[in-house]
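Engineer: Protein chains in written order, with this note's numbering: chain A, 1 to 613; chain B, 614 to 987.
The beta-carbon is built from N, C-alpha and C at its ideal position, and this holds for glycine as well.
Only a predicted model underlies this, so the values are computations on that prediction, with no experimental measurement involved.
Below you'll find the structure I mean.
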Amino acid sequence: MTIRILGPNLINQIAAGEVVERPASAVKELVENSIDADARRIDIVVTDGGRVALSVADDGHGMDAGDLALAVQRHATSKLPGDDLENIHTLGFRGEALPSIGSVARLTVTSRTADADSAWKINVEGGAVSGPEPAAHPPGTRVEVRDLFYATPARLKFLKAPQTERNHVVDAVRRLAMAHPGIAFSLSEGERQILKLPPAQGDLLSARLDRLDAIMGNDFGANALPIEAAREGIKLTGHIGLPTLNRGNAQMQFLFVNGRPVRDKLLQGAVRAAYRDFLAHDRHPLLALFLEIPPQAVDVNSHPAKTEVRFRDPGLVRGLIVGALKHALAEAGHRASTTVGSAALGAMRPADMPRTGFLPRQPAGSGVPPSMAGNTALAGNTALAETAHGFHRPLDQADHGSHVTTPSAPEAAYQADDDGHYPLGAARAQLHETYIVAQTDEGIVIVDQHAAHERLVYEDMKKALAGGGIQRQALLIPEVVELDEAAAERILARTQELTELGLAVEAFGTGAVVVRETPALLGEIDAAGLIRDLADDLAEYDTTLSLESRLADVCSTMACHGSVRAGRRLNAPEMNALLRQMEATPHSGQCNHGRPTYVELRLADIERLFGRR
Amino acid sequence: MKITIERGQLLKVLTHVQSVVERRNTIPILSNVKFEAPDGQLSLNATDMDIEIVETVDADVAAPGSTTAPAHTMFDIVRKLPEGAQIELDCTGDDGQLTLTSGRSRFSLTCLPTEDFPVMADGDMPHSFSVSAGDLRTLIDRTRFAISTEETRYYLNGIYLHESERDGVAVLRAVATDGHRLASVELPLPDGAAGMPGVIVPRKTVAELRKLIDETESETGVQVALSDTKIRFTFDGAVLSSKLIDGTFPDYDRVIPAGNDKSMVVDCRTFADAVDRVSAISSEKSRAVKLAVSKGNLVLSANSPENDSATEELPIGYESSDIEIGFNSRYLLDITQQIDGESATFMMADAASPTLVQDPEDTSALYVLMPMRV
Ligand SMILES: Nc1ncnc2c1ncn2[C@@H]1O[C@H](COP(=O)(O)OP(=O)(O)O)[C@@H](O)[C@H]1O
Ligand SMILES: [Mg+2]
């Protein structure tokens with residue numbers, strides 16, 4: 001065996017394997033460099049998803065000829081002045097990106113400092129440097145990467161379809177753009193502009209919300225709750241979407257640590273825990289969270305691509321996130337997302353309505369020609385219009401509804417006491433024995449009576465369970481569950497907590513536990529499966545999520561059956577009682593399945609429907 | 614094949630065979646029932662690959678032959694035909710259809726070839742014995758309620774039928790448990806059963822078997838044949854074969870408490886009614902009732918999570934020291950329902966250990982119940 005020292009190009013190629021995995025990682029490194037160089041705008045262009053070529057141009061402070069020559073050398077960086085890995089305030093610091101890219105692709109860096117009157121350019125092809133030589137370029141830096149991985153065919157083979165690579169690039173740019181709302185970003189492929197983000201103005205929080213809204217879409221801005229919390233020197237800010245704004249995957253969940261986009265399982269677990277009561281487990285909220293942690297409390301050096309971080313105290317970070325999110329959601333209380341309201345509005349607005357149907361400035365109720373009565377969308381619209389009209393006239397005078405059926409109009413005996421001074425207003429009617437229509441100060445509220453009542457019952461039940469303890473069924477044949485040693489230890493460290501949740505476990509030799517009692521509520525269960533899930537939960541998220549959520553599931557199924565079904569006629573006092581209970585109950589804005597329990601239409605929206613605005 | 618048969622006759626057999634056929638099938642022919650008409654008889658055969666049922670009835674056979682047709686559809690049609698109607702089944706045409714004619718109704722159903730119909734290889738069944746339908750019913754009814762539905766513990770998803778002995782007498786014993794309670798009942802070992810392997814009869818087989826028993830006189834003998842992997846029950850005109858659950862039934866003997874010395878005797882009906890009433894307080898699925906037992910007196914109580922409560926007192930026979938113990942009320946009701954006699958004996962040790970329940974008049978059956986921790 002002969003040991004030899006590897007040549008510098010080989011070393012760079014090996015490093016490239018870690019730093020540059022695909023076009024998106026090259027883009028990420030280059031954009032980070034631009035951000036570190038205090039750029040105000042960054043323009044990214046890719047060809048063929050970045051497989052053929054990609055370039056990043058910025059208006060940052062640039063480099064002179066000497067810096068350029070050094071920049072493409074390994075471990076050359078301007079960002080660790082104090083030789084202190086514990087005190088990193090820039091995105092880059094390893095001095096690896098440019099030389100790595102240069103070793104596996106054709107790299108050209110053109111740069112000019114603000115005070116220089118000409119630019120310099122340097123070329124690296126498969127590790128061979130040529131230049132610097134004079135060039136023409138405005139102040140700032142432009143880095144071009146062509147034929148990525150041409151020098152390492154083995155890697156080239158692993159590149160995915162252009163479409164896939166492009167999606168990764170978009171994702172990388174999005175993340176960086178969220179963390180730096182003050183910087184303008186553009187990303188295009190050929191003629192196609194994929195992202196165009198103007199610099200967001202204002203203080204950090206509002207600038208950020210603008211940027212998040214621009215990136216996440218879906219009306220995120222209007223349906224986001226601000227987050228601000230701190231604990232032991234760690235600061236958490238950001239925005240989270242209302243639970244009613246949700247989607248089928250967790251792709252719109254972003255975590256940033258000291259301005260650096262990271263992917264961490266901790267986020268997923270914490271989000272799941274915080275939203276558990278509001279969302280079905282296959283639905284995911286939209287959110288972006290920004291942690292500021294003293295550099296000493298987090299290790300960003302655990303992976304060359306710097307997308308993973310290691311917290312000194314993950315429990316603390318998780319606790320901070322879960323706590324802050326739960327708090328914000330609780331504060332939001334019964335607020336359902338306006339997206340739902342406007343979606344409803346959109347649905348009600350008859351799409352193919354003849355223009356003459358709506359005569360501007362006509363009283364709402366009379367603007368509808370009777371010939372349209374067969375149109376169901378319109379019928380809904382009309383009924384609503386009737387209710388809306390009620391704003392302007394006392395109820396007893398609202399006799400104009402004769403040509404529309406207003407089912408179950410409140411009895412005359414019912415006088416709306418404190419009319420409209422409750423957030424959810426005063427019940428005015430029940431439609432189709434399913435929906436309660438209430439009048440509020442600012443508009444109307446339509447409540448899904450079944451969903452709402454179900455939520456109330458569920459919250460009650462949870463309280464009762466928490467108060468009375470969970471009953472345990474002893475097992476005739478205790479179940480021995482084989483686990484690995486670490487998993488068994490994790491379970492056994494939590495026996496007290498598990499017993500409170502109805503699960504009694506004991507040690508059984510090394511690497512196994514024996515289950516003696518299970519939560520009676522769950523009936524006959526696969527105890528071994530549950531224990532394994534719990535062991536995973538504890539490893540991943542440090543909580544007994546599986547068990548809690550199963551219990552919550554049972555509660556909500558039972559809640560569902562014990563609730564006022566759709567189709568039951570309610571009288572006015574009953575409807576109002578339901579509204580008052582909803583106001584008093586936290587989280588009553590969504591049912592247990594994450595659907596809204598009510599939607600709100602503002603008067604302004606209704607006026608818009610009728611062309612009054 | 615061309616035959617004529619009376620509606621009632623056909624309906625009876627179709628009822629049995631169609632219930633074996635799964636509602637959703639990925640293999641089309643498994644949705645079908647096979648008709649075979651040799652001379653003067655019609656036999657129907659259905660299978661889900663685990664259970665097979667073959668039933669034979671008399672029929673007027675004009676042309677012998679065989680075919681297969683959709684089981685649930687056939688059942689549905691025959692069920693809706695008027696009582697006493699004569700039904701003609703004809704698949705002699707060459708369009709591959711089975712024509713069902715009755716009065717003015719006429720149905721044409723798509724057939725699949727008989728050759729494709731799966732045959733369950735019976736294999737060698739070295740053990741066989743006969744039990745009366747009534748005894749078989751007892752074995753099933755006394756244990757069935759305790760069969761586990763938890764699929765991961767598949768070996769509990771059936772009734773464990775095996776040879777054992779008690780006080781030196783050989784018995785055939787049936788045991789079922791879901792891990793919360795256990796039921797065991799035994800009969801004197803039938804001739805020919807000695808040396809049989811212990812087998813676990815799957816829940817679905819138990820259900821089908823029970824239907825056949827329902828239509829059989831108690832005294833009539835049912836022929837049971839079995840191997841390590843299969844069991845076959847032969848009735849008059851019907852044969853039910855089934856695979857057995859391939860697993861080891863736990864050593865249940867160890868969980869049957871022997872030394873429980875706190876013995877409570879209750880009037881079975883009075884007790885059950887009181888449990889039922891008291892548990893009405895809670896809407897929960899797992900309704901716990903607490904038994905506070907003292908000399909001659911039992912106080913039953915229950916609470917709901919909303920803090921409602923109920924109590925009821927009843928006189929009992931009890932001479933030991935006071936004990937408080939909780940049970941799932943549904944389990945208590947399940948067990949008391951199995952007891953035909955007037956009273957039931959509860960043998961308890963403490964609030965955390967298994968309790969033994971028996972009919973003092975009939976010790977062939979016993980029930981073990983784990984308490985609930987409340
Ligand atoms: N867009 C840029 N503008 C100004 N300087 C840059 C730019 N890109 C790279 N540099 C300089 O090149 C050095 C090497 O970059 P890189 O290899 O990415 O390592 P790192 O970012 O870890 O320092 C940086 O430290 C910086 O001084
Ligand atoms: Mg860098």
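What does a CB cutoff of less than 6 Å around Ala851/B pick up in its chain, not counting 5 residues either side in sequence?
Structural biologist: Glu668, Leu825
Engineer: The alpha helix (DSSP H) that contains Thr883/B, what's its start and end?
Structural biologist: 881-892
Engineer: Mind checking whether Asp43/A and Leu187/A have CB atoms under 9 Å apart?
Structural biologist: Taking 9 Å as the Cβ cut-off, Asp43/A and Leu187/A qualify as a contacting pair.
Engineer: Could you tell me how far apart the beta carbons of Gly771/B and Ile760/B are, in whole angstroms, since I believe they sit closer than 8 Å?
Structural biologist: Right, the Cβ-Cβ distance comes to about 6 Å (below 8 Å), so this counts as a contact.
Engineer: Are the C-beta of Leu795/B and some C-beta of chain A separated by less than 9 Å?
Structural biologist: yes
Engineer: Could you pull the start and end residues of the beta strand (DSSP E) that Leu702/B belongs to?
Structural biologist: 699-703
Engineer: Tell me whether the beta-carbon of Leu643/B lies closer than 9 Å to the beta-carbon of Met614/B.
Structural biologist: Contact flag unset, no.
Engineer: Sorry if obvious, but does the Cβ on Gly127/A come closer than 8 Å to a heavy atom of ligand 1?
Structural biologist: no
Engineer: In whole angstroms, what is the alpha-carbon distance linking Thr113/A and Asp67/A?
Structural biologist: 10 Å
Engineer: Is the CB of Gly663/A under 9 Å away from at least one CB in chain B?
Structural biologist: For residue 663/A there is no data in the structure shown, the boundaries of chain A being 1 and 613.
Engineer: Does the beta carbon of Gly792/B sit closer than 9 Å to a beta carbon anywhere in chain A?
Structural biologist: yes
Engineer: Just to confirm, is the Cβ distance from Val614/A to Val56/A under 9 Å?
Structural biologist: Since the first and last residues shown for chain A are 1 and 613, residue 614/A lies out of range.
Engineer: If His793/B sits next to Gln473/A, beta carbons under 8 Å apart, how far is it from one beta carbon to the other, in whole angstroms?
Structural biologist: 6 Å
Engineer: Could you please give me the residues that DSSP links to Thr712/B through a beta bridge?
Structural biologist: Partner(s): Asp703/B, Ser721/B.
Engineer: Assuming Gly241/A and Leu287/A form a contact by the criterion Cβ under 8 Å, report the distance between their Cβ atoms to the nearest whole angstrom.
Structural biologist: 6 Å
Engineer: Going along chain B in order, which residues have a C-beta closer than 7 Å to the C-beta of Ala520/A?
Structural biologist: Ser899, Ala901, Asn941, Met985
Engineer: Along the chain, where does the alpha helix (DSSP H) containing Pro153/A start, and where does it finish?
Structural biologist: 153-156
Engineer: Nearest-angstrom Cα distance between Leu601/A and Val445/A?
Structural biologist: 6 Å
Engineer: Consider the Cβ of Gly357/A: report whether some Cβ of chain B lies at a distance smaller than 9 Å.
Structural biologist: Residue placement at Gly357/A cannot be trusted, given a pLDDT of 29 that sits under 50; the coordinates are not used to answer.
Engineer: Just the Cα atoms here: how many angstroms apart are Asn873/B and Leu245/A?
Structural biologist: 59 Å
Engineer: State yes or no: is the C-beta of Leu91/A nearer than 8 Å to some heavy atom of ligand 1?
Structural biologist: In this structure, ligand 1 has a non-hydrogen atom nearer than 8 Å to the beta-carbon of Leu91/A.
Engineer: How is the beta strand (DSSP E) around Met960/B delimited, first residue to last?
Structural biologist: 956-961
Engineer: So is Gln496/A in contact with chain B if we call contact Cβ pairs under 9 Å?
Structural biologist: no
Engineer: Would you kindly check if the distance between the Cβ of Arg580/A and the Cβ of Leu424/A is under 9 Å?
Structural biologist: yes
Engineer: At which residue ranges does the segment 788-869 of chain B contain complete beta strand (DSSP E) runs of 3 or more residues, listed in the order of the chain?
Structural biologist: Counting only runs of 3 or more residues that sit fully inside the segment 788-869 of chain B, the beta strand (DSSP E) segments are 794-801, 812-815, 834-839, 843-847, 851-856, in chain order.
Engineer: Assuming Ala161/A and Pro181/A make a contact with CB atoms under 8 Å, what is their CB distance in whole Å?
Structural biologist: The pair is not a contact, with the Cβ atoms about 31 Å apart (cut-off 8 Å).
Engineer: DSSP state of Asp729/B, grouped into three classes?
Structural biologist: In the three-state DSSP reduction, Asp729/B falls in the helix class (H, G or I).
Engineer: Taking Cβ-Cβ distances below 7 Å as the criterion, which residues of the segment 472-488 of chain A are in contact with chain B?
Structural biologist: Arg472, Gln473, Ala474, Leu475, Leu476, Ile477
Engineer: Mark Pro984/B as exposed unless 16 or more other C-beta atoms lie within 10 angstroms of its C-beta, in which case mark it buried.
Structural biologist: buried
Engineer: Check the Cβ-Cβ distances between Asp526/A and every residue of chain B, and say whether any is below 9 Å.
Structural biologist: yes
Engineer: Using a threshold of 9 Å, state whether the C-beta atoms of Ser876/B and Ser745/B are closer than that.
Structural biologist: no
Engineer: Under three-state DSSP, which class holds Pro641/B?
Structural biologist: helix
Engineer: Would the segment 922-939 of chain B and the segment 952-967 of chain B be scored as touching if the rule is three or more Cβ pairs under 8 Å?
Structural biologist: In this structure the segment 922-939 of chain B touches the segment 952-967 of chain B; the number of beta carbon pairs closer than 8 Å is three or more.
Engineer: Since Val812/B and Leu839/B are thought to touch, with beta carbons under 8 Å apart, how far apart are those beta carbons, to the nearest angstrom?
Structural biologist: 6 Å
Engineer: Should Asn920/B go down as buried or exposed, given a rule of 16 or more other Cβ atoms within 10 Å for buried?
Structural biologist: exposed
Engineer: For chain B, check one thing: does any of its Cβ atoms lie closer than 9 Å to the Cβ of Glu386/A?
Structural biologist: Bear in mind that the predicted position of Glu386/A carries a pLDDT of just 33, short of 50, making it too unreliable to give a figure here.
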